[in-house]
Amino acid sequence: MKKIIVALLLMIPILAFSQETDKYSIVKTQTTNVRIPGKWTQLNTMDDSGQTYLQNEDEVIIAIAQNPKKAYSFYKSKNSDFKNVQEFYKWDSDYRRELKFKTDEIQKNKKLEYIIWKFNDGKLDNVFLFGSVKDNFINLLVYTNKWSEIEKVKFLKNLYKLNK
């Protein structure tokens, strides 16, 4: 009986770990790994931005990039992390507006250092979360018409908090 109890006690961590890995997909970014809740299949990675696109079984598309802050021309080490996130948002949203896309800021959180915003590519809203994770900017995107904007924002915030 003692052997059975010892064997069970030894197996609990193994079972717990295997369940943990089933709950998340892992994406290797240019700086570190990012955990994503659920099962996601990698589609492709953009060489210039480092953005990796993934899709789940419901055909929801997300993209993730995490790059060193110092790689961006607008980054200033003397600025706060949130100020640099604001500059990141301004830099990308200005570019989208130059391409004649409509952009909107959805919400921001100075304490958690993120901005959630969107632009419409003529088909769907691209909903982004730009945030600060240590020495890196993280760029998270949801692109689907299967989720409401509220669901997209909730997913992005949870994904960011998981990887902050």
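Residues 0 to 163 (numbering that gives the first Met the number 0) are what the sequence shown spells out, left to right.
Note that the Cβ used here is the ideal one computed from N, Cα and C, for glycine as well.
Remember, predicted model here, so these are calculated numbers, not experimental data.
Coil, strand or helix - residue i by DSSP
i, result
"leucine 158", "helix"
"glutamine 106", "strand"
"valine 132", "strand"
"aspartate 124", "strand"
"valine 152", "helix"
"tryptophan 39", "coil"
"lysine 99", "coil"
"glutamine 85", "helix"
"serine 24", "strand"
"tryptophan 90", "helix"
"aspartate 80", "helix"
Contact set for residue i: own chain, Cβ-Cβ below 8 Å, skip 5 residues either direction
i, result
"arginine 95", "Thr102 and Phe118"
"asparagine 157", "Pro36"
Contacting residues, own chain, Cβ-Cβ under 7 Å from residue i (five flanking each side not counted)
i, result
"isoleucine 149", "none"
"lysine 68", "Tyr74, Asn83, Asp134, Asn135 and Phe136"
"valine 55", "At residue 55 the sequence reads asparagine, which differs from the valine that was named. Gly37, Lys38 and Trp39, listed in sequence order."
"asparagine 162", "Val33, Arg34, Val132 and Ile137"
"aspartate 57", "Lys145"
Buried/exposed call for residue i, threshold 16 Cβ in 10 Å
i, result
"threonine 51", "buried"
"threonine 40", "exposed"
"serine 131", "buried"
"glutamine 106", "exposed"
"lysine 75", "exposed"
"serine 48", "exposed"
"glutamate 112", "buried"
"leucine 128", "buried"
Identity of the residues DSSP links to residue i by a beta bridge
i, result
"alanine 70", "DSSP, once it has assigned bridges, lists no residue as partnering alanine 70."
"threonine 51", "Thr44 and Ile63"
"leucine 140", "Ala62 and Phe127"
"lysine 117", "Asp103 and Val126"
"asparagine 164", "Outside the shown range of the chain (0 to 163) lies residue 164, about which nothing can therefore be said."
Contacts around residue i, its chain only, beta-carbon distance under 6 Å, and the 5 residues preceding and following it disregarded
i, result
"valine 126", "Lys117, Val141 and Lys151"
"phenylalanine 81", "Lys109 and Glu112"
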